[in-house]
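Heads up: the structure comes next, in structure tokens.
There are 2 protein chains.
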Amino acid sequence: MMTDTERRAWAYLARVAEPPCVSLTALIAEIGAVDAAAAIARQQVPRGHESVLRATRARAAEDRSASDLEVAHRCGARLITPDDDEWPGFSLLALAQADTGERGGVPLALWARGPARVDDLAAASIALVGSRAASSYGEHVTGLLAGELVDHGWGIVSGAAFGVDGIAHRSALASGGPTMAVLACGIDRDYPAAHSRLLAEIADRGVIVSEYPPHTTAARHRFLTRNRLVAALSNAVVVVEAGARSGAVSTAAWAVKLGRPLGAVPGPVTSATSVGCHELITDGRAALVADASAIMTLARPDGVAGPDHGPARGTDGLTPVQQRVHDALPGRGAVTIEEIVFSAGVEIGEVRAALALMELGGMVAMEGSGWRLP
Amino acid sequence: MMTDTERRAWAYLARVAEPPCVSLTALIAEIGAVDAAAAIARQQVPRGHESVLRATRARAAEDRSASDLEVAHRCGARLITPDDDEWPGFSLLALAQADTGERGGVPLALWARGPARVDDLAAASIALVGSRAASSYGEHVTGLLAGELVDHGWGIVSGAAFGVDGIAHRSALASGGPTMAVLACGIDRDYPAAHSRLLAEIADRGVIVSEYPPHTTAARHRFLTRNRLVAALSNAVVVVEAGARSGAVSTAAWAVKLGRPLGAVPGPVTSATSVGCHELITDGRAALVADASAIMTLARPDGVAGPDHGPARGTDGLTPVQQRVHDALPGRGAVTIEEIVFSAGVEIGEVRAALALMELGGMVAMEGSGWRLP
């Protein structure tokens, strides 16, 4: 159980930099949250971590951790940190961190409001995203897919926006399934305001998540950053409808960067809101998905299981490279990627890809910065 | 110029076996049409060609060549043989022959009715095929695509059936472009009967083609065999709309067998008539094509040219007639059509057609009322 001091330290750290902040994540991983918070507050950090000073200087002197935790408590929210059981793995974000720079990376912490567990949902959910200006076709299909996926035991992740996002959440709730809204503002804010009732229902029966502290306002750069969490907190991303410049295309780009399976729903070629979907398919970035069954296959490419059929986890279906990476994991304990590279004799890029895919299949698990058998 | 004897021999051979007939094609290639016809009629063939006897035994004794040519003449049709200039290459069919067996292979001959040249059309056309029970969406998109492709200089090939096929032909005609209907019955028959007026218009301004002799009735196996000619006589096959078991899927399968570029138009996932298209895309057999531009890229994957914007390409792909017309143009300056007719020794109608197509390909240019090299 986390002490109050630890929780305060995390709340301070979650606000002291604009998340994600790779340098701050690295500092915390090395010296722990309490010492990291103290070091940042003093603006004196261990050698090698100097870059974190610039990222935290503007907010270091102001400690709002008590009031943030109080606001969260009042609206029924909690702070989830990498030290909590509920923390989702974020392994793909961690793996991609080197390539995605400061805009990518693992969140510092998550604020969450609602009864659904974030780790459980992230382990068995589909992100349905799309145009705010959805057509009636897009709305209809979103509703159908969300309902059918929920019927098969999947949760629905989206961004609570107008159009496809909103319908995805609503349809999941209407089908009695869990849904997660990832916000680009604080979990105490209703954005968009017209969705306040929907957000209240999600907070009541699903979960609202944000890496931003309470009171944070939605801003353009935060939507783009938020989109990576939609991809990170689901097993597959599906763009139901998107114009050529839809924000959903940004979420799709994150899915590609993270190696998250990406699907796109086709539509009439005469519809402007399907142009983005068709481009994703044509470019080979997204698989064409025409029904819930195709989406489930996308999310579990080994065909082993949807979340409703229980995790059968044989290694029979592994590729030779995956098998070598799998064999490089010890019977107990975790090893680093570098150790796997050495003992498997497989290139680091291939090791990363193999681990990511096997993690989806539940055949390996991340522990700290290392990997172990589940 | 072919003699009457030769033409009679070809007409006899075009009926004596159910086409395509690889063994008969091989015999004709070895000993010529006149000797092949005589040998078949006697049922005595050179050693090594015995298999052709079984394929021709049922019809060998009956020579209807005179009446077939007479019927063709009366309805304004002609017989095109491999010895004629107008014979299209069929190189993909010939290459695939070993794999496709008796159901595949090059036609024995083609019966053609209408002013458009089969070889020219086959060199610059798109096959638009699809469901007989097209939706209003499918009809709308077929019309749009056919019109736009014609505007860019492409001809439209299809099967004259209800639904997508019919709209494709109609839209091509309405846009003033050439269109070819490939039939599964004799060119003297209207199939389907309700399309008699459409077929008359195609015969008037485009061309109707069949490998079956006059009077042949449409039969199920002939539709499947005909579908390979739709793929063989176009630069790319596009399935606009197709149910899961549509005949268009058979044409698509032929395109794949022949290595012909294949596209499919997506549609609403809620529409039964788009299921076949989505399957073709998902399986990786067809490329998703959402507009005419994507279709043209598919048909000319080297990006060199639609027939309309050629950066002056080589003359390698020209038909013999086009080559003669091309050679009649001087190194500098322009000449009139009449001068080309004289120096090329080609009829004025054919010169016009050749110039029009080569202009689309960027190989000749108009100047005032004359023509020149670009």
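Chains as they are written, first to last, in numbering that gives the first Met the number 0: chain A, 0 to 373; chain B, 0 to 373. Even glycine gets a Cβ: it sits at the ideal position worked out from N, Cα and C. Values in this document were obtained by computation on a predicted structure and should not be read as measured data.
Does the separation of the CB atoms of residue 194 of chain A and residue 159 of chain A fall below 8 Å? yes
Partner residues on chain B for residue 277 of chain A, Cβ-Cβ distance less than 8 Å: 265, 287, 289
Tell me whether residue 233 of chain A sits in a helix, a strand or coil according to DSSP, three-state version. coil
Using a Cβ cut-off of 9 Å, pull out every chain A residue sitting near residue 269 of chain B, in sequence order please. 136, 139, 140, 143
Applying a beta-carbon distance threshold of less than 9 Å, which residues of chain B neighbour residue 178 of chain A? Neighbours of residue 178 of chain A on chain B: none; closest Cβ ~22 Å, over 9 Å.
Use the C-beta contact count for residue 373 of chain A: other C-beta atoms within 10 angstroms, 16 or more gives buried, fewer gives exposed. Around the CB of residue 373 of chain A, fewer than 16 other CB atoms lie within 10 Å, so the residue is classed as exposed.
If I follow the unbroken alpha helix (DSSP H) through residue 294 of chain B, where does it start and stop? 291-298 is the span of the alpha helix (DSSP H), which, as asked, contains residue 294 of chain B.
For residue 172 of chain B and residue 192 of chain A, the rounded distance between their alpha carbons: Rounded to whole angstroms, residue 192 of chain A to residue 172 of chain B spans 54 Å at the Cα level.
For residue 287 of chain B, is the classification buried or exposed, using 16 other Cβ atoms within 10 angstroms of its Cβ as the cut-off for buried? buried
Name the DSSP bridge partner or partners of residue 206 of chain A? In the DSSP output, where bridge partners are listed per residue, residue 206 of chain A has A:179.
Does DSSP classify residue 245 of chain B as helix, strand or coil? Under the three-state reduction of DSSP, residue 245 of chain B is assigned to coil, being neither helix nor strand.
Entirely enclosed beta strand (DSSP E) segments - the stretch 66-153 of chain A, minimum 3 residues: 76-79, 109-112, 124-129
Exposed or buried, residue 182 of chain A, counting other C-beta atoms within 10 Å across all chains shown (16 or more means buried)? buried
Can you list the residues of chain A that residue 280 of chain B reaches, using a CB-CB cut of under 8 Å? Result: 265, 280, 287.
Is any beta-carbon of chain E found at less than 8 Å from that of residue 37 of chain A? Going by chain labels, chain E is absent from the structure shown, which instead holds the protein chains A and B.
The stretch 111-119 of chain A / the stretch 13-29 of chain A touching (three or more Cβ pairs under 8 Å): no
Beta-bridge partners of residue 262 of chain A, as assigned by DSSP: A:237, A:286
On the three-state DSSP scale, how would you describe residue 357 of chain A? helix
Identity of the residues DSSP links to residue 370 of chain A by a beta bridge: A:334, A:365
Given this structure, state the Cα-to-Cα distance separating residue 281 of chain A from residue 233 of chain A, to the nearest angstrom. 23 Å
Round the Cβ separation of residue 152 of chain B and residue 126 of chain B to the nearest angstrom and send it over; I've been treating them as touching at under 8 Å. Not quite, the Cβ-Cβ distance comes to about 16 Å (not below 8 Å), so this is no contact.
Is residue 320 of chain A closer than 8 Å to residue 285 of chain A when the C-beta atoms are compared? no
Please tell me whether residue 16 of chain B and residue 147 of chain B are closer than 8 Å, where the distance is taken between their beta carbons. In terms of Cβ geometry, residue 16 of chain B and residue 147 of chain B do not form a close pair [threshold 8 Å].
Verify the CB distance criterion: does residue 309 of chain B have a CB-CB separation below 8 Å to chain A? Because residue 309 of chain B sits at a pLDDT of 34, beneath the cut-off of 50, its placement in the model cannot be relied upon, and the following sentence gives the value as read from the coordinates. By this cut-off, residue 309 of chain B is not an interface position.
Out of curiosity, what's the CA-to-CA distance linking residue 102 of chain A and residue 34 of chain A? 25 Å
For residue 269 of chain A and residue 252 of chain B, I'd like the C-alpha separation in whole angstroms. 26 Å
What residues match up with residue 157 of chain A in a beta bridge as DSSP calls it? A:180
Got a sec? Which residues, its chain only, sit under 8 Å from residue 82 of chain B by beta carbon, not counting five neighbours each side? 1, 5, 9, 32
Given 8 Å as the limit, is there contact between the stretch 88-96 of chain B and the stretch 46-57 of chain B, that is, 3 or more CB pairs closer than that? no
Whole-number beta carbon distance between residue 210 of chain B and residue 228 of chain B, since they are thought to touch under 8 Å: Right, their Cβ atoms sit about 7 Å apart.
Kindly list the residues whose CB is nearer than 6 Å to the CB of residue 186 of chain A, restricted to its own chain and excluding five residues on each side of it in sequence; keep chain order. 76, 110, 112, 207, 209
Nearest-angstrom Cα separation, counted from residue 216 of chain A out to residue 176 of chain B: 58 Å
DSSP three-state call for residue 347 of chain A: helix, strand or coil? Three-state DSSP puts residue 347 of chain A in a helix.
Measure from the alpha carbon of residue 274 of chain A to the alpha carbon of each residue in B:267, B:271, B:275, B:283, then state which is nearest. B:267
Own chain partners of residue 14 of chain B with C-beta closer than 8 Å, once the 5 adjacent residues on each side are dropped: 58, 63, 64, 67, 212
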